[in-house]
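Below: one structure, written as structure tokens.
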Amino acid sequence: MVNGLPCQRKKRFLWRRGVWICFLLSVLGIIAALIWLTLLMTLPRRHKPRMSSSGINSVVEQWRKPSDSATLLSPWKPNFTKNIMPMACHSHNDYWRYVPLFEALAAGCTGTEADIWLNNKAGNADVLVSHSLKSLKEDRTLQNLYIRPLVTILENQNNDSPALEGGYNNPNGVFQSSPTTTLTLLLDFKSGGADLWYSANQELEALRSRGWLTHWSKSTGEISWRPIIVVATGKVSFDLLVSNTTYRDVFYDAPLEDISNSKYDSSNSYYASTPMSTLGKIWLWKFSSKQLNKIKTQIAMANEKGVKARYWETPAFPVIFREYIWGILVENGAGMLNVDVFPSSLFYLLITRFGQNSLTCSLSPTQDPVLAEESRKYFHLSLAELIVRRGKRMFDENGPCHYAISDMLHTCRGHKSHRRVCVINWPRMMMIKIRMRNSKDTEQTLMNLRHYFSLLYSVRTNIDKPSRLQKQKSYEARIRYAAPPVGKLRWQKPQPPAVNRSSTVQAKSYPPHCPQSADAPMPANYNFTRSGLGNEDCLFLSVWASPNATNLPVMVWIHGGGYGTGSGNNDFSELANTNSNAFILVAIQYRLGAFGFLSSSDLVRSGGVPNAGLYDMNFSFQWVQSHISKFGGDPSRVTIAGESAGGGGVMLQTMAFGGSLGTSLFNNGIVASPYLPMQYDYDGLKPEESYEKFGDAVGCRSGNGSVFDCLVGTDTFALQNASAYVSANGNYGQWAFLPVTDGEFLVKRPSEQLLAGEVNGVRMLSGNNANEAPGFVPQHINTTTAFNTFTQSLFPLMSNSTLDRLYQKYFIPPTVPGPLFASAGNRGPTALNQSVFAIGQQQRANNLYAETTFVCPSYWTASAFHQSWKYEYSVPPSQHGNDLDAYYAVNRTYLGYGTLSPGFRTAVQKIWGRFIVHDDPTLPQDVITSITTLGNGTQTGDDISAAGTGKWPQWKTSGHEAYQMLRLNMTGGEATKVLWTSADGGVKFNVTENTGSGVKADLAIVNAYNWEGGRGARCDFWAGIGSEVPE
């Protein structure tokens, strides 16, 4: 026993030492594992990728404040986004990055994001950008951080440059390496209500008016891809977003959890998003089978609807977990990866350091010249994209890509600058090397490549998405018809464009819009250019012509907008298709606001020209006469047409130069709600007042030399602000800069010249709406005193005796009629005091303004021609502009239209088409039958017989068929209440319209003179006092 004690003690000692050694090794193993984990979590984060060499870097480096986002882009750097590969990653919370927007572009992300709020300070219309209400700053606006820099970038990207695809006719995107890639601008609405929605839409006008917003059109049923797509998320109303059922350029971020809901599809939604937390707790950094199935189901349903699935709140660290999640999402077809931390150094390592080897797979021209050339062509594409493009041939046993991973690993060993990244990613590289050996399993290999090496997995999205350029019509053209009216050509007659220009190219976007000036009421300090700086170089026209057109008649369209807003960006496809493309369409642009309609005695003395915008219209007609035959048009069969101010423009063109032009420029005219504001003499009270205010607003005052010369030399930004400011601070519902009687272009007032029949052209089709005025009249006129005050402010030159006669003409009984409803027109309460918008004194004011400004001018224009036809659009609510829905639905601009039956819309479009083609708007019986009878012989129930040949007589002012007018109305359907808001936002109420499949056309011939309680007599009254209005 004694002898055995040392041996036992020795054994216990060795056992204890072994236990301690195991314990220490375990501790060291744990420490090593923690160090490894720390490396995984920290090293990639610290080793930020170097951005591609491009001009955007200088902006990022010099950026100090929000306004720098636009100012640092000048002078323009030709290599702005050179070498940047666009990828389907969304820069989540982009606004909090040090340099919003630009860092996302530099990383190649095709999605950017801004949280937006409405500035609640009185009179401030800015949309602010911030994550929280407490951190709002007045200089961090949507305009400063996103809109203005995007406008500047796209304007420079679309200059005629040999490196790009060229000009306004071909809208390039923000990435020079991929001009057709569309950038997503996600607007996260942080405050609810319609006010922010409308303000944000106004902010987007700078992009919209230039034709840069991706949009959906019901007429084509397709999405037209443009450089930018705007997506709304957060506290934005889906119902508000889809309220326009025929056209939209703001799309919804649908809830991915509810993507099965039938109301979400690609026509209204672009993203379908959900936070990662909705998948539940992720244990051990790996999805459960249930979570994987949920991901697969959600993404599959989104893809089936053409919507991009997006998961946000993706963990940024550890990197290996983030990459695992990205791999799962891409393997299942997610359309966009949400990125909080930009691409890690592994991505930089593979795409930059290994770029040539990985993309070409060490391929030499002698091995496969075709593949080698394509490899060089797609140098800036990721490895996976190249492989997907080339297919299995790259993975043959002896193929060029078989040993690509080995080459990468070998290179990784030899470059110390990337050693940390190589060590971290060595296991995955080895795994791919092993799996790459199985060249037969191509699909699995592709999956592995996407999963492990293309960290942003953007390839399939970029390949599968159709190019925006493939969606355009092959028969459109955008053409400069006059020289840019800038510098010394401001306020001069339009001049021919330079002759040494390149030939016309196929159209891919609308031309830039002219500087805009809205009507009052608007905030007194409203800075209009925040909503988009217009372009003085805007005298373009657009032509729609079939490739095989020959000697077809022509319709020239003049857009509306009070002579202060609008553009030629109209879609005429529906009108053309309904009429079998039997005529050529031309849409023109003309100078607006102060640029087109500034007038005063000083302007004339200094060599300026009043009515410059009218001269632009006339000059475009001359272009049509000289060049439309090249598009297959017949210059001897031209119809000029327009709505609102466009209709007013047509009316004034028929009066041009005293009516001495005859048929030299056009034969026919169509006026829809022709706008006739007070037409003062060029040196009258209002024009002189507006001229003085305009000069003061830009600092050009009479005491400092020639005001006109000063204006000519002032920069466009100041002029555009001044034009908008003066106009927005005028009388309610009116514009400050309007056509004037100048003694040359317009020698008489319309009420005088039209009724004398001194007009150009031969025929006229004239129309108006039943309720033209609610958008132009204050909606708080409830007493006789308020009505009298309104009329006195509206007509400052009118004598007291004439005002007394006016009150009698518009007398209404003191008894206020019942609820709001549409008047019948020829019986019961009339428009004098009853409509769907108002009753009593308010309706009295509405009707007075409508008749003097829109309705009576339509009567007089019809009366000016020996051959003319008259109609009224009476479909409730039939406010100003509602008739656009019938002419071509995609161009309608207001909420609240009701439902138009297909038969009604087709009939109206046929009326226009037959007038253009056959000089007669009436419909032959075979046309009526084709409209009202379905293919199986079933009758639609639409009654359009009143528009038939022999039933709709020409407009006459004497005889038994005098003043016969076609009333365009609907019957049936369901009465639906629609919220209507006055122009100043102060009055809101419901108006009634008819909706549903039960609505049918109900056309009838009525007596326009007796209509609405004697409207013809009231128009005679206005004509008799034309000099006091003046009109």
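If you're matching positions, the sequence shown starts at 1 in full-length UniProt numbering and goes up one per residue.
Where is the CB? At the ideal position from N, CA and C, for every residue including glycine.
Every value quoted in this text rests on a predicted model; they were computed, and no experiment measured them.
Checklist entry - So, helix, strand or coil for Leu-469, using DSSP? => result Against the sequence shown, residue 469 aligns to sequence position 469. Unreliable positioning characterises Leu-469 in this predicted model, as indicated by a pLDDT of 28, which lies under 50. The coordinate reading is nonetheless provided below. Per DSSP, reduced to three states, the secondary structure at Leu-469 is helical.
Checklist entry - Expressed to the nearest angstrom, what Euclidean distance is found between the alpha-carbon atoms of Leu-592 and Pro-819? => result Within the sequence shown, numbered from 1, the residue matching residue 592 stands at position 592. Within the sequence shown, numbered from 1, the residue matching residue 819 stands at position 819. If I take the Cα positions, the gap works out to 40 Å.
Item to check | Per-residue DSSP class, three states only, for Gly-1024 | outcome: Taking the first residue of the sequence shown as 1, we reach residue 1024 at position 1024. Under the three-state reduction of DSSP output, Gly-1024 falls in the helix class.
Checklist entry - Does DSSP put Gly-1013 in a helix, in a strand, or in coil? => result By one-based count along the sequence shown, residue 1013 stands at place 1013. The three-state secondary structure of Gly-1013, taken from DSSP, is helix.
Next on the checklist: What would DSSP say about Trp-63, mapped onto helix, strand or coil?
Outcome noted: What you label residue 63 is simply residue 63 of the sequence shown in a count that begins at 1. In the three-state DSSP reduction, Trp-63 falls in the coil class, being neither helix nor strand.
Item to check | Enclosing alpha helix (DSSP H) for Gly-642 [first to last residue] | outcome: Here residue 642 refers to the residue found at position 642 when the sequence shown is read from its first residue. Looking at the DSSP string, Gly-642 is not in any alpha helix (DSSP H); the run it does join, the beta strand (DSSP E), is 633–643.
Checklist entry - Could you check where the alpha helix (DSSP H) with His-880 kicks off and where it finishes? => result Position 880 of the sequence shown holds residue 880. That residue, His-880, is in no alpha helix (DSSP H); it is neither H nor E in DSSP.
Checklist entry - Hey, how far is the Cα of Asp-68 from the Cα of Val-231? => result Residue mapping note: residue 68 aligns to position 68 of the sequence shown, counting from 1. Residue mapping note: residue 231 aligns to position 231 of the sequence shown, counting from 1. Using only the alpha carbons, I get a separation of about 25 Å.
Item to check | Sequence-distant residues of its chain with Cβ nearer than 6 Å to Ala-334 (five each side left out) | outcome: Within the sequence shown, numbered from 1, the residue matching residue 334 stands at position 334. If the five residues before and after Ala-334 are omitted, its C-beta is found closer than 6 Å to the C-beta atoms of Ile-299 and Ala-309, all from its own chain and listed in chain order.
Next on the checklist: Quick check on the burial criterion: 16 or more other C-beta atoms within 10 angstroms. Buried or exposed for Asp-754?
Outcome noted: Against the sequence shown, residue 754 aligns to sequence position 754. What sits at residue 754 in the sequence shown is Leu, not Asp. So Leu-754 ends up on the buried side.
Item to check | Whole-angstrom distance between Ile-916 and Gly-166, CA atom to CA atom | outcome: For the purposes of this step, residue 166 is taken as residue 166 along the sequence shown, with counting starting at 1. For the purposes of this step, residue 916 is taken as residue 916 along the sequence shown, with counting starting at 1. For Gly-166, the predicted structure reports a pLDDT of 34, less than 50, and the residue's modelled location is therefore unreliable. A value from the coordinates is still provided. About 35 Å.
Next on the checklist: Less than 6 Å between C-beta atoms, sequence neighbours within five positions excluded: which residues of the same chain meet that for Ala-850?
Outcome noted: Position 850 of the sequence shown holds residue 850. The residues are Glu-772 and Ala-773.
Item to check | Alpha-carbon spacing of Ala-736 relative to Lys-294, whole angstroms | outcome: Here residue 736 refers to the residue found at position 736 when the sequence shown is read from its first residue. Here residue 294 refers to the residue found at position 294 when the sequence shown is read from its first residue. Ala-736 and Lys-294 have their C-alpha atoms roughly 59 Å apart.
Item to check | Helix, strand or coil at Ser-417 [DSSP, three-state] | outcome: Counting from 1 along the sequence shown, the entry for residue 417 is found at position 417. Confidence at Ser-417 is low in this model, with a pLDDT of 37, below 50, so the placement of that residue is unreliable and no value is reported for it.
Item to check | Of the listed residues Arg-763, Tyr-198 and Phe-708, nearest to Phe-189 (C-alpha basis) | outcome: Along the sequence shown, read from residue 1 onward, the residue named residue 189 stands at position 189. Proximity to Phe-189 across Arg-763, Tyr-198 and Phe-708 peaks at Tyr-198, based on C-alpha coordinates.
Item to check | CB of Ile-588 within 8 Å of CB of Val-556, strictly | outcome: Within the sequence shown, numbered from 1, the residue matching residue 588 stands at position 588. Within the sequence shown, numbered from 1, the residue matching residue 556 stands at position 556. In this structure, Val-556 lies closer than 8 Å to Ile-588 by Cβ.
Next on the checklist: Could you give the first and the last residue of the continuous alpha helix (DSSP H) run that contains Tyr-807?
Outcome noted: To locate residue 807, count along the sequence shown from 1; it is residue 807. Per DSSP, the unbroken alpha helix (DSSP H) holding Tyr-807 starts and ends at 800–809.
Checklist entry - Quick one: is Gly-566 buried, meaning 16 or more other Cβ sit within 10 Å of its Cβ, or exposed? => result Translated into the one-based positions of the sequence shown, residue 566 becomes position 566. Around the CB of Gly-566, 16 or more other CB atoms lie within 10 Å, so the residue is classed as buried.
Item to check | Straight-line Cα distance separating Arg-248 from Gly-695 | outcome: As a working mapping, residue 695 is identified with position 695 in the sequence shown. As a working mapping, residue 248 is identified with position 248 in the sequence shown. Across the structure, Gly-695 and Arg-248 are spaced so that their CA atoms are roughly 38 Å apart.
Item to check | Residue from Gly-1026, Trp-312, Ala-498 and Asn-769 whose Cα sits closest to the Cα of Ala-831 | outcome: Start at 1 with the first residue of the sequence shown, and residue 831 comes out as number 831. Distances from the CA of Ala-831 to each of Gly-1026, Trp-312, Ala-498 and Asn-769 were compared; the closest alpha carbon is that of Asn-769.
Item to check | For residue 1036, the three-state DSSP class (helix, strand or coil) | outcome: Outside the displayed span of the chain (1 to 1031) sits residue 1036, for which this structure offers no information.
Checklist entry - Mind checking whether Ser-874 and Arg-967 have CB atoms under 8 Å apart? => result Along the sequence shown, read from residue 1 onward, the residue named residue 874 stands at position 874. Along the sequence shown, read from residue 1 onward, the residue named residue 967 stands at position 967. Cβ distance < 8 Å, so Ser-874 and Arg-967 count as in contact.
Checklist entry - How would you call Cys-401, buried or exposed, if buried means at least 16 neighbouring beta carbons within 10 angstroms? => result Here residue 401 is taken as the residue at index 401 of the sequence shown, counted from 1. Residue placement at Cys-401 is flagged as unreliable, the pLDDT there being 40, under the threshold of 50; the coordinate-derived value follows with that caveat. It counts as buried.
Next on the checklist: Can you tell me where the alpha helix (DSSP H) holding Phe-619 begins and where it ends?
Outcome noted: Residue numbering aside, residue 619 sits at position 619 when the sequence shown is read from its first letter. 612–627 is the span of the alpha helix (DSSP H), which, as asked, contains Phe-619.
Next on the checklist: Between the stretch 559–576 and the stretch 904–913, can you find at least three pairs of beta-carbon atoms closer than 8 Å?
Outcome noted: Judged by pairs of C-beta atoms under 8 Å, the stretch 904–913 touches the stretch 559–576, as three or more such pairs exist.
Item to check | Boundaries of the beta strand (DSSP E) in which Ser-269 is found, first to last residue | outcome: Here residue 269 refers to the residue found at position 269 when the sequence shown is read from its first residue. Where Ser-269 is concerned, the enclosing beta strand (DSSP E) starts and stops at 269–275.
Checklist entry - Residue range of the beta strand (DSSP E) that Ser-871 falls in? => result Residue 871 sits at position 871 when you count from the first residue of the sequence shown. One detail in the question is off: residue 871 reads as Tyr in this sequence, not Ser. Element bounds for Tyr-871: 867–873.
Next on the checklist: If you follow the beta strand (DSSP E) that Ile-84 is in, where does it begin and where does it stop?
Outcome noted: Start at 1 with the first residue of the sequence shown, and residue 84 comes out as number 84. Neither: Ile-84 is in no beta strand (DSSP E) and is coded neither H nor E.
Next on the checklist: Going by the DSSP bridge assignment, what does Phe-745 pair with across the sheet?
Outcome noted: Taking the sequence shown and counting its residues from 1, the one referred to as residue 745 is at position 745. Under the DSSP definition of a beta bridge, Phe-745 lacks any partner.
Checklist entry - In the DSSP assignment, what residue or residues form a beta bridge with Phe-540? => result Taking the sequence shown and counting its residues from 1, the one referred to as residue 540 is at position 540. In the DSSP output, where bridge partners are listed per residue, Phe-540 has Arg-480.
Checklist entry - Is Phe-597 helix, strand or coil by DSSP? => result As a first step, residue 597 must be located in the sequence shown, where it is residue number 597. In this structure, Phe-597 counts as helix in the three-state DSSP scheme.
Checklist entry - By a C-beta neighbour count over all protein chains shown, 10 Å radius and 16 as the cutoff for buried, is Ala-33 buried or exposed? => result What you label residue 33 is simply residue 33 of the sequence shown in a count that begins at 1. Ala-33 is classed as exposed because its beta carbon has fewer than 16 other beta carbons within 10 Å across all chains shown.
Checklist entry - So what does DSSP say about Gln-367, is it helix, strand or coil? => result Taking the first residue of the sequence shown as 1, we reach residue 367 at position 367. Residue placement at Gln-367 is poorly supported in this model, since its pLDDT is 36, which falls under 50; the coordinates still yield a value, given next. DSSP, read as helix, strand or coil, puts Gln-367 in coil.
Item to check | Member of Val-307, Ser-600, Thr-297 and Asp-340 whose CA lies at the smallest distance from the CA of Ile-328 | outcome: The residue labelled residue 328 in the question sits at position 328 within the sequence shown. When only C-alpha atoms are compared, the closest one is Thr-297.
Checklist entry - Looking only at C-alpha atoms, which of Ala-612, Gly-633 and Ile-1005 sits nearest to Asp-943? => result On the sequence shown, position 943 is the one that residue 943 refers to. Ranking Ala-612, Gly-633 and Ile-1005 by Cα distance to Asp-943 puts Ile-1005 first.
Next on the checklist: Please return the same chain residues whose Cβ sits closer than 8 Å to the Cβ of Ser-260, not counting the five positions on each side in sequence.
Outcome noted: Within the sequence shown, residue 260 is the residue found at index 260, counting from 1. Excluding its 5 nearest sequence neighbours in each direction, Ser-260 has C-beta neighbours in its own chain below 8 Å: Met-301, listed in chain order.
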